[in-house]
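S.K.:
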Amino acid sequence: MNEEKDMADAYAALVDYRASIDNIDAALIHMLAERFRCTKAVGVLKATHGLPPADPAREQQQIARLRQLARDAHLDPDFAEKFLNFVVREVIRHHEQIAASNGATKTG
């Protein structure tokens, strides 16, 4: 009987954890969507003024900042950097598309 209760408690805890994970995933998606709305505006601004789609100096600053935030949050800084690099590549791709649609050439 104790074993059955332990298993029932474990399953209840699992359901609770999964509900929290689902909520966090939803929040992440909404935050990424908001981030991409902002970076799209940056892309339009850059294209309008002939600025390059990529900004390596800014990217390095962001990597350093996010690595420190990850350390402070007890998250693997290498993971945080990989995640940021993935997001930045997508942002640059969007900026290149915006620049191309405005007649600019692909640079940086």
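Residues 1 to 108 in full-length UniProt numbering are what the sequence shown spells out, letter by letter.
C-beta: ideal position from N, C-alpha, C; glycine also.
For T48 versus H94, is the C-beta distance shorter than 8 angstroms?
M.R.: Within the sequence shown, numbered from 1, the residue matching residue 48 stands at position 48. Within the sequence shown, numbered from 1, the residue matching residue 94 stands at position 94. The answer is no: Cβ separation not under 8 angstroms.
S.K.: In its own chain, which residues sit with a C-beta less than 7 angstroms from the C-beta of D16, not counting the 5 before and 5 after it?
M.R.: Your numbering for residue 16 matches position 16 in the sequence shown. Around D16: no qualifying Cβ.
S.K.: What number of angstroms, rounded off, separates the C-alpha of D78 from the C-alpha of L14?
M.R.: Indexing the sequence shown from 1 puts residue 78 at position 78. Indexing the sequence shown from 1 puts residue 14 at position 14. Cα to Cα, the separation comes out at about 28 angstroms.
S.K.: Measuring CB to CB, does I98 end up less than 8 angstroms from L84?
M.R.: Translated into positions along the sequence shown, residue 98 becomes position 98. Translated into positions along the sequence shown, residue 84 becomes position 84. The answer is no: Cβ separation not under 8 angstroms.
S.K.: Suppose you measure from the CA of R89 to the CA of A10; what does that come to, to the nearest Å?
M.R.: Here residue 89 refers to the residue found at position 89 when the sequence shown is read from its first residue. Here residue 10 refers to the residue found at position 10 when the sequence shown is read from its first residue. Spanning the two alpha carbons is a distance of roughly 41 angstroms.
S.K.: Can you round the beta-carbon distance between R67 and A80 to whole angstroms, since I take them to be within the 8 angstroms contact cut?
M.R.: Numbered from 1 along the sequence shown, position 67 holds the residue referred to as residue 67. Numbered from 1 along the sequence shown, position 80 holds the residue referred to as residue 80. Confirmed, about 6 angstroms.
S.K.: Does L75 come out as helix, strand or coil in the three-state DSSP assignment?
M.R.: By 1-based counting over the sequence shown, the position of residue 75 is 75. Coil at L75, not helix or strand.
S.K.: How would you write the range of the alpha helix (DSSP H) that D55 sits in, first residue to last?
M.R.: Position 55 of the sequence shown, counting from 1, holds the residue named residue 55. Where D55 is concerned, there is no enclosing alpha helix (DSSP H), given that its DSSP letter is neither H nor E.
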